[in-house]
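Residue numbers (my numbering), protein chains in the order written: chain A, 1 to 287; chain B, 288 to 619.
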């Protein structure tokens with residue numbers, strides 16, 4: 001028994017303790033509601049998001065249509081609820097592409113160093129030099145508009161961030177004693193890279209993925225708003241915003257509720273990301 | 288019959304101050320089952336020597352600039368590790384030769400359990416099932432005197448004490464039964480009582496497994512404890528080498544005498560015998576003096592011959608060599 005010694009210094013603040021803070025709770029709450037809606041939108045939504053009811057066209061928020069109805073009489077509440085699905089898809093696909101590509105680039109650059117590092121990181125610098133939305137526009141223009149292409153574009157746009165972060169982590173980890181020890185037991189380079197360096201560099205990446213989820217939703221909605229992402233009549237938040245824009249002075253609710261949905265979900269992801277960062281890095285915890 | 292023969296090994300590092308010879312013309316050999324202790328201060332090249340044998344010199348900035356490292360593998364073949372390709376070295380590391388490090392905490396990967404790390408070595412070098420590896424792993428932990436080995440097997444490094452971690456590290460190194468173990472100051476980071484246990488353990492396992500050990504330390508007490516032969520290094524060169532008794536009883540090199548005199552001893556009156564310290568510091572390897580590297584700190588140094596050229600290693604007794612131009616004049 002005597003040999004089992006807990007080392008308090010390395011122990012992150014318990015998840016329970018971080019979740020006692022209000023912002024973390026709000027973030028988690030919003031994220032959970034968001035995730036529940038993506039699954040349950042079909043049952044929870046009062047109307048079919050595509051069903052037109054011209055008699056209700058442009059009707060303001062009421063007991064029947066809580067968020068009002070658009071110019072074709074489609075229920076805005078149902079459309080906003082169904083919009084969570086495209087948003088989640090954007091998070092999973094675009095954030096996922098960025099994470100995988102970025103980690104691969106950063107890992108290779110940091111691990112091999114020297115010229116490989118220089119080439120990869122200059123490429124990253126070039127990508128970083130473009131404003132996000134402009135770069136995304138260029139890529140979508142090249143690939144052709146559509147939801148899938150817009151997500152690929154956003155994924156590529158966010159890749160450099162991950163590449164930079166993980167490269168820094170790898171630089172710190174690759175000279176660790178246990179990496180040398182792994183070489184001393186005869187492990188091959190690829191194995192050391194994937195089994196020893198990557199897992200020890202990964203914690204901040206999870207935090208970043210959560211923080212980026214919000215931005216990814218905004219950017220995908222932005223592309224949809226510009227007509228390059230999800231196409232009508234699909235209930236994507238960006239497309240809904242674009243729809244409502246021309247009616248904004250007469251029917252404010254069409255554009256307002258999707259906008260609010262984006263706002264709230266992004267806040268939720270950011271608060272959750274902050275909380276995760278506190279768990280992963282106790283030194284930056286604010287007490 | 289030798290297991291390892293190092294001849295005229297030279298290792299260089301490229302730094303801002305120019306090319307630094309970290310190891311300069313080092314030769315030694317070691318027989319199966321023998322224990323060689325390499326003693327020296329920080330920066331004397333002892334760790335670099337061990338890394339060179341393992342093929343782990345970080346490149347760049349380091350490189351092996353010359354010499355031979357002949358190693359006889361368990362397959363009976365003798366290879367020059369300086370010329371060997373990366374794959375060959377990779378196969379030898381962990382299987383034929385293993386290494387344990389100074390800091391057991393940082394040398395164990397924090398994200399895997401002790402068992403997973405022992406298994407990794409086994410599975411890299413031997414064809415066996417996961418279950419067989421587990422059995423061997425637990426057996427190794429038992430052999431190393433770890434209480435409740437089956438439970439410790441699933442523990443993470445941070446859940447173990449320093450001594451236990453070092454045992455786990457040794458289990459990792461020895462599970463493929465290497466013929467050569469390189470131990471780079473394995474006891475320095477441990478409590479004194481635990482140090483003795485670990486030394487005992489290494490000695491016992493060495494007998495049981497019949498392996499040769501290169502033990503690197505700056506602690507002469509540890510060296511006296513376990514060495515068959517001692518190699519004293521200074522500024523990248525061997526300055527005295529011989530059987531343990533000769534180094535302690537018939538010390539020839541003034542540097543070795545200085546080291547021996549600076550070991551604190553219990554029971555001595557502090558005022559009667561102040562603790563001896565070698566004056567000065569280890570020389571800057573990028574800017575070595577023209578003559579004997581130890582001359583600036585040596586009480587016996589004379590402008591000639593000490594200041595003129597670096598002395599050669601000369602025989603001063605049976606199997607006993609010294610790198611001192613004046614060893615005949617300063618004998619006790």
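Glycine included, C-beta positions come from ideal geometry on N, C-alpha and C.
Per-residue burial, residue i [other beta carbons within 10 Å of its own, 16 or more giving buried]
i	result
residue 333 of chain B	buried
residue 253 of chain A	buried
residue 370 of chain B	exposed
residue 586 of chain B	exposed
residue 295 of chain B	exposed
residue 472 of chain B	buried
residue 20 of chain A	exposed
residue 129 of chain A	exposed
residue 331 of chain B	buried
residue 338 of chain B	buried
residue 571 of chain B	exposed
residue 389 of chain B	buried
residue 312 of chain A	Not covered by the structure: residue 312 of chain A. The range shown for chain A is 1 to 287.
residue 201 of chain A	buried
residue 550 of chain B	exposed
residue 158 of chain A	buried
residue 504 of chain B	buried
residue 329 of chain B	exposed
residue 478 of chain B	exposed
residue 169 of chain A	buried
Between the CA atoms of residue j and residue i - distance to the nearest angstrom
i	j	result
residue 241 of chain A	residue 39 of chain A	23 Å
residue 81 of chain A	residue 247 of chain A	21 Å
residue 8 of chain A	residue 312 of chain B	Confidence at residue 8 of chain A is low in this model, with a pLDDT of 43, below 50, so the placement of that residue should be treated as unreliable; the coordinate-derived value is given next. When rounded, the distance between both Cα atoms is 47 Å.
residue 259 of chain B	residue 362 of chain B	Only positions 288 to 619 of chain B appear in this structure, which leaves residue 259 of chain B out of reach.
residue 531 of chain B	residue 543 of chain B	12 Å
residue 46 of chain A	residue 79 of chain A	10 Å
residue 449 of chain B	residue 480 of chain B	12 Å
residue 308 of chain B	residue 218 of chain A	57 Å
residue 400 of chain B	residue 437 of chain B	12 Å
residue 584 of chain B	residue 185 of chain A	40 Å
residue 359 of chain B	residue 467 of chain B	10 Å
residue 620 of chain B	residue 99 of chain A	This structure cannot speak to residue 620 of chain B, because chain B is shown only from 288 to 619.
residue 539 of chain B	residue 548 of chain B	13 Å
residue 417 of chain B	residue 432 of chain B	23 Å
residue 470 of chain B	residue 23 of chain A	51 Å
residue 422 of chain B	residue 445 of chain B	23 Å
residue 124 of chain A	residue 163 of chain A	7 Å
residue 682 of chain B	residue 407 of chain B	With chain B covering only 288 through 619, there is no way to say anything about residue 682 of chain B.
residue 607 of chain B	residue 528 of chain B	6 Å
residue 381 of chain B	residue 460 of chain B	6 Å
residue 643 of chain B	residue 581 of chain B	The question about residue 643 of chain B has no answer, for chain B in this structure spans 288 to 619.
residue 75 of chain A	residue 443 of chain B	55 Å
residue 601 of chain B	residue 394 of chain B	39 Å
residue 91 of chain A	residue 32 of chain A	14 Å
residue 279 of chain A	residue 165 of chain A	18 Å
residue 462 of chain B	residue 405 of chain B	7 Å
residue 258 of chain A	residue 348 of chain B	57 Å
residue 488 of chain B	residue 610 of chain B	34 Å
residue 69 of chain A	residue 236 of chain A	16 Å
Beta-carbon spacing of residue i, residue j below 8 Å
i	j	result
residue 620 of chain B	residue 428 of chain B	Chain B is shown only over 288 to 619; residue 620 of chain B falls outside these bounds and no answer can be derived.
residue 499 of chain B	residue 340 of chain B	no
residue 496 of chain B	residue 452 of chain B	no
residue 167 of chain A	residue 109 of chain A	yes
residue 474 of chain B	residue 509 of chain B	yes
residue 269 of chain A	residue 210 of chain A	yes
residue 86 of chain A	residue 261 of chain A	no
residue 513 of chain B	residue 324 of chain B	yes
residue 420 of chain B	residue 411 of chain B	no
residue 316 of chain A	residue 220 of chain A	Outside the displayed range of chain A (1 to 287) lies residue 316 of chain A, so it cannot be described from this structure.
residue 350 of chain B	residue 356 of chain B	no
residue 34 of chain A	residue 265 of chain A	yes
residue 178 of chain A	residue 396 of chain B	yes
residue 62 of chain A	residue 73 of chain A	no
residue 501 of chain B	residue 456 of chain B	no
Short CB-CB distance (under 8 Å) between residue i and chain C
i	result
residue 335 of chain B	Reference to chain C is not applicable here, since the protein chains of this structure are A and B.
Check whether the stretch 372-381 of chain B and the stretch 211-231 of chain A are in contact - that is, three or more C-beta pairs closer than 8 Å. Using a C-beta cut-off of 8 Å, the stretch 372-381 of chain B makes no contact with the stretch 211-231 of chain A, since fewer than three inter-stretch Cβ pairs fall below that distance.
Using Cβ-Cβ distances below 7 Å, what residues of the stretch 148-181 of chain A are close to chain B? Along the stretch 148-181 of chain A, going in chain order, the ones with a CB nearer than 7 Å to a CB of chain B are 176, 177, 178, 180, 181.
Which residues, in chain order, does the stretch 180-194 of chain A contribute to contact with chain B at a C-beta distance below 9 Å? Listed by position, the residues of the stretch 180-194 of chain A near chain B (Cβ gap below 9 Å) are 180, 181, 182, 183, 184, 185, 186, 187, 188, 189, 191.
Using a Cβ distance threshold of 8 Å, determine whether the stretch 119-133 of chain A contacts the stretch 198-205 of chain A, with at least three qualifying pairs required. no
Can you confirm whether the stretch 106-126 of chain A touches the stretch 141-156 of chain A when touching is taken to mean that 3 or more C-beta pairs between the two stretches lie within less than 8 Å? no
Should the stretch 587-597 of chain B be called in touch with the stretch 572-579 of chain B, which here means at least 3 C-beta pairs below 8 Å? yes
Looking at chain B, which residues of the stretch 192-211 of chain A have a Cβ within less than 7 Å of any of its Cβ atoms? Taking 7 Å as the Cβ-Cβ cut-off against chain B, the residues of the stretch 192-211 of chain A that qualify are 196, 199, 200.
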